[in-house]
Amino acid sequence: IYGTQMKEFPQCPTLMVCDMSSDIFSRKIEVSNFDIIYAGAQKNMGPAGTTLVIVKDEILGKTGREIPTMLDYNTHISKDSMFNTPPVFPIYVSMLTLQWLKDLGGIDAIEKMNQAKADLLYGEIDRNPLFEGTAAKEDRSNMNVCFLLTDSSKEEAFDTMWNAEGISGIKGHRSVGGYRASMYNAMPIESVQVLVDVMKKLEQN
């Protein structure tokens with residue numbers, strides 16, 4: 147919502163649990179530092195309908211209370227994720243996506259590509275007096291770039307321009323407004339360049 151991303155993770159005396167739905171497979175992360183990693187596939191892995199969970203063996207079964215069978219990771223692990231009918235299509239497409247990522251050069255390659263996309267868009271936001279970012283520079287997300295117009299009177303013109311270029315879905319969350327450009331792994335840098343060109347064109351008008 148706010149366009150922030152944790153660049154470093156804290157050292158915790160308790161369990162470290164992280165929802166990485168927006169980050170998974172977008173950058174290098176030391177998985178062993180976490181006790182549970184949860185990630186919905188719909189951002190960087192595949193279509194909605196499946197979830198990736200990485201959990202340390204030593205914490206399994208230590209819930210301290212009764213939980214529903216379907217919410218117990220042991221249930222799914224013991225049945226090789228086949229306790230219930232699996233969502234075959236999302237799983238299959240996730241496999242294809244991971245193969246594409248591997249062929250691309252893996253996490254090292256996609257991290258560089260994602261950084262290049264972020265640098266391109268943030269560079270224009272910082273350069274162009276008509277725009278301003280919403281997150282502190284050290285906390286900026288490479289996946290979701292949130293920004294505002296400094297002159298609200300240009301909003302209608304800007305919206306018309308990016309719509310005309312085939313861009314969609316960049317309106318910010320209803321609770322904060324502004325704009326949010328999501329640049330997950332599948333988004334090519336050429337598409338980011340289209341948005342940057344629109345921002346430059348607005349400045350020139």
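Under the numbering used here, the residue at position 193 of the sequence shown is numbered 339, and the numbers go up by one with no gaps.
Ideal placement from N, C-alpha and C gives every residue a C-beta, glycine not left out.
Quick one: Cα of residue i to Cα of residue j, how far?
| i | j | result |
| --- | --- | --- |
| M259 | Q339 | 13 angstroms |
| D181 | L250 | 29 angstroms |
| G318 | N309 | 15 angstroms |
| Q157 | L206 | 21 angstroms |
| E301 | C292 | 15 angstroms |
| K283 | S178 | 28 angstroms |
| R173 | E257 | 5 angstroms |
| A332 | Q245 | 13 angstroms |
| L266 | S328 | 13 angstroms |
With DSSP run on the structure shown, which of helix, strand or coil describes residue i?
| i | result |
| --- | --- |
| Y268 | helix |
| R273 | helix |
| Y330 | coil |
| K248 | helix |
| F304 | helix |
| G220 | Looking at the sequence shown, residue 220 is not Gly but Asn. If DSSP states are grouped into helix, strand and coil, N220 belongs with the helices. |
| Y184 | strand |
| K317 | strand |
Beta-carbon within less than 6 angstroms of residue i's beta-carbon, same chain only, minus the 5 sequence neighbours each way: which residues are those?
| i | result |
| --- | --- |
| S168 | K189, M289 |
| G186 | S167, T197 |
| E278 | L294, T296 |
Residues in its own chain within less than 8 angstroms of residue i by CB, not counting five upstream and five downstream?
| i | result |
| --- | --- |
| R286 | G149, T150, Q151, A264, Y268, G279 |
Pick out whichever of the options has its Cα sitting closest to the Cα of residue i.
| i | options | result |
| --- | --- | --- |
| K347 | V322, K317, E270 | E270 |
| L161 | I147, I183, K174 | I183 |
| V239 | G323, T221, P193, S328 | P193 |
Ordered along the chain, which non-local residues of its own chain (more than five positions away) have a Cβ less than 7 angstroms from that of residue i?
| i | result |
| --- | --- |
| A262 | I335 |
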